[in-house]
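Throughout, the working numbering is defined as the position within the sequence shown, counted from one, plus 88.
Ideal Cβ positions, reconstructed from N, Cα and C, are used throughout, including at glycine.
Right, one structure below, let's go through it.
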Amino acid sequence: MEKTSLLLLGLTLLFTFNGLSQTRNSKQAIVNEEIIFPAQKDHTHGSSIVMLPDGDLLAAWFQGSGERTADDVRIMGARLKKGSKIWTTPFLMADTKGIPDCNPVLFLNRNGKLFLFWVAVQANKWEDTILRFRTSKNYKGDEAPVWEWQDNILLKPDDSFVTEVEKRFKELPENEAGWAAYAPSYDTMVKEASKDLLKRSIGWMTRIHPITLANGRILLPLYSDGLNFSLVAISDDDGETWRPSLPIVGRGPIQPALAVKKNGDIVAFMRDSGDSPTRVQKSTSKDNGESWSAALKTEIPNEASVEICVLKDGKWAFVGNDSNDGRYRFSIYLSDDEGTSWKWKELIEYDATKKGSFSYPCLIQTKDGLLNISYSYSLGSHQESIKHVVIDPARITR
């Protein structure tokens, strides 16, 4: 496997394939699988899933004639009622008229309040998005929740943001990518952009579900396509108010998925939007999400967004596209040592023609111990849906 520049510096990677068994492709761990609605020509992407207190599953995704440039894009949803194998007819969850709505994230706080986070894409540019949310405690039934509150989440990183960017870039390995002699380096451009108060205040986007720490703090993962790195929004009052962490700085670490170790450290696993070879990037916080180490490449191949979940038995589950040339492979990994090694791996999807696309997962463990995954699903020919797969982790480790 190709080594990263970090390995060339002789540092130890904490996220490796040590002890990884041969990939199995029998799908023997899958308990159930179905598409949430019949495949159709609209672009459907960026799903999220949550189990409600009554045992129903609620899913959300964005759908329309495109993404940021298509003003008809809205947030849709559907339910899988407890005991049913058929999802309800999709319904509207949110729609900012005349502006694309993307990247929905569903979340229940510890008081049972349901949150829907998403972004409204101002000026049809990812870097100009506005972070939005709505909440409900009236979410039973067959249709969309009854939304009782809606607002924007406005973040204003102070000058410590600039200082942190400078500091963390100094901790990164030398950039071996080629740059034009008469153009500023990538690092320099990002550092200069971070000094602009407007650029560091808007454009923060959702993708992965939040986590709740033992002290009740909520961490909402966010990323910026303008700055090409991440941060988390922090709430210490169950989602009433939010403030930004220091940034998760690196060369392209976006869409963070968070896992908490037994010692309290929080690990962020991120999509690689930087230089080649693309590998999942990793950063760690030792202060409940306030600050983060410089993001470094791991050895796991990366093509798109990833997800992670700490299971009830202490194992970690990880899902993503383990390829560098398309989204036609989609796999699940299990670790019994908090991501130091990944001993088990099983393919969930694989299209030998490379025309299929399976990506942008949401991963949760439900009360029965099973893993529920929703993800974008397409076999080509502009026929798209959201797929839901249920996996028994015990079958992976047999």
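Could you tell me the alpha carbon to alpha carbon distance between residue i and residue j, rounded to whole angstroms?
| i | j | result |
| --- | --- | --- |
| Lys385 | Arg339 | 9 Å |
| Pro344 | Glu280 | 23 Å |
| Trp430 | Glu391 | 18 Å |
| Lys129 | Gln471 | 5 Å |
| Arg256 | Ser323 | 24 Å |
| Leu459 | Thr276 | 42 Å |
| Gly304 | Asp360 | 30 Å |
| Tyr421 | Val278 | 33 Å |
| Ile299 | Gly468 | 34 Å |
| Val368 | Gly143 | 33 Å |
| Ala148 | Ile452 | 14 Å |
| Gly134 | Gln238 | 21 Å |
| Asp325 | Arg198 | 11 Å |
| Thr372 | Gly402 | 18 Å |
| Ile354 | Leu308 | 13 Å |
| Leu285 | Tyr274 | 19 Å |
| Ala487 | Phe357 | Limits of the chain in this structure are 89 at one end and 486 at the other, which puts residue 487 out of reach. |
| Ala347 | Ser411 | 22 Å |
| Tyr270 | Glu254 | 22 Å |
| Ile484 | Val398 | 16 Å |
| Lys349 | Ile118 | 27 Å |
| Leu96 | Glu387 | With a pLDDT of 32 at Leu96, under the threshold of 50, the modelled position of this residue cannot be trusted; read the value that follows with caution. Their backbone Cα atoms lie some 13 Å apart in a straight line. |
| Leu219 | Ser364 | 30 Å |
| Val193 | Ser136 | 5 Å |
Name the DSSP bridge partner or partners of residue i?
| i | result |
| --- | --- |
| Phe195 | Phe203 |
| Ala405 | Cys397, Leu422 |
| Leu384 | Lys370 |
| Lys433 | Tyr421 |
| Thr217 | Val209 |
| Asn240 | Arg220 |
| Asn460 | Ile452, Val478 |
| Thr132 | Gln151 |
| Tyr465 | Phe446, Ser473 |
| Leu334 | Answer by DSSP bridge pairing: none, since Leu334 is not bridged. |
When the Cα of residue i is compared with those of the options, which residue comes out closest?
| i | options | result |
| --- | --- | --- |
| Phe195 | Lys443, Thr177, Met139, Phe249 | Met139 |
| Ala321 | Asp159, Ala440, Ser135, Phe205 | Phe205 |
| Phe221 | Ala208, Trp214, Tyr227, Asn212 | Ala208 |
| Thr366 | Ser464, Lys350, Ile342 | Ile342 |
| Phe317 | Asn351, Ile336, Asp456 | Ile336 |
| Lys185 | Lys170, Thr372, Arg162 | Arg162 |
| Ser224 | Ile218, Ala232, Thr217 | Ala232 |
| Ser464 | Ser282, Val398, Gln453, Val477 | Val477 |
| Thr176 | Ala182, Leu145, Ile187, Asp159 | Leu145 |
| Glu378 | Asn351, Pro188, Arg331 | Arg331 |
| Ser466 | Ser445, Lys455, Asp456, Arg483 | Ser445 |
| Glu328 | Asp313, Ile452, Leu202 | Leu202 |
| Arg415 | Pro389, Asp353, His297, Phe406 | Pro389 |
| Gly314 | Met293, Gly171, Asp439 | Met293 |
| Arg156 | Ser136, Asp183, Lys258, Pro188 | Pro188 |
| Ser172 | Val250, Ser312, Glu122, Val348 | Glu122 |
| Asn120 | Thr485, Ala158, Ile461, Ser312 | Ile461 |
| Leu242 | Ser289, Leu319, Pro178 | Ser289 |
| Val407 | Pro481, Pro245, Ala158 | Pro481 |
| Val250 | Arg417, Lys228, Lys283 | Lys283 |
When you measure from the CB of residue i to every non-hydrogen atom of the ligand ZN, does any distance come out below 7 Å?
| i | result |
| --- | --- |
| Ser282 | The ligand content of the structure shown is nil, which means the ligand ZN is not present either. |
DSSP state of residue i, grouped into three classes?
| i | result |
| --- | --- |
| Tyr227 | coil |
| Gln471 | coil |
| Ala356 | strand |
| Arg295 | coil |
| Gln116 | coil |
| Glu378 | coil |
| Ala392 | coil |
| Pro272 | coil |
| Glu262 | coil |
| Ser109 | With a pLDDT of only 39 at Ser109, under the threshold of 50, the placement of this residue in the model should not be trusted; the figure read from the coordinates follows. Here Ser109 sits in coil by DSSP. |
| Ile187 | coil |
| Leu94 | At Leu94 the pLDDT is 34, less than 50, meaning the model places this residue with poor confidence and gives no usable figure here. |
| Glu121 | strand |
| Pro245 | coil |
| Thr251 | helix |
| Val278 | helix |
| Ile290 | coil |
| Arg256 | helix |
| Ile484 | helix |
| Val161 | coil |
| Ala232 | coil |
| Tyr416 | coil |
| Met89 | A caution first: Met89 carries a pLDDT of 39, below 50, which makes its placement in the model unreliable, though a value can still be read off. Coil. |
Assuming residue i contacts residue j under a Cβ cut-off of 8 Å, what Cβ separation, rounded to an integer in Å, is found between them?
| i | j | result |
| --- | --- | --- |
| Gly152 | His131 | 6 Å |
| Cys190 | Phe125 | In fact, because the Cβ distance is near 18 Å, the residues do not count as touching under 8 Å. |
| Arg295 | Ser393 | 6 Å |
| Ser419 | Ile396 | About 13 Å; that fails the 8 Å criterion. |
| Glu215 | Ser333 | About 19 Å; that fails the 8 Å criterion. |
Between residue i and chain C, is the shortest Cβ-Cβ distance under 8 Å, so that the two count as touching?
| i | result |
| --- | --- |
| Tyr227 | Looking for chain C here will not work: only one protein chain is present. |
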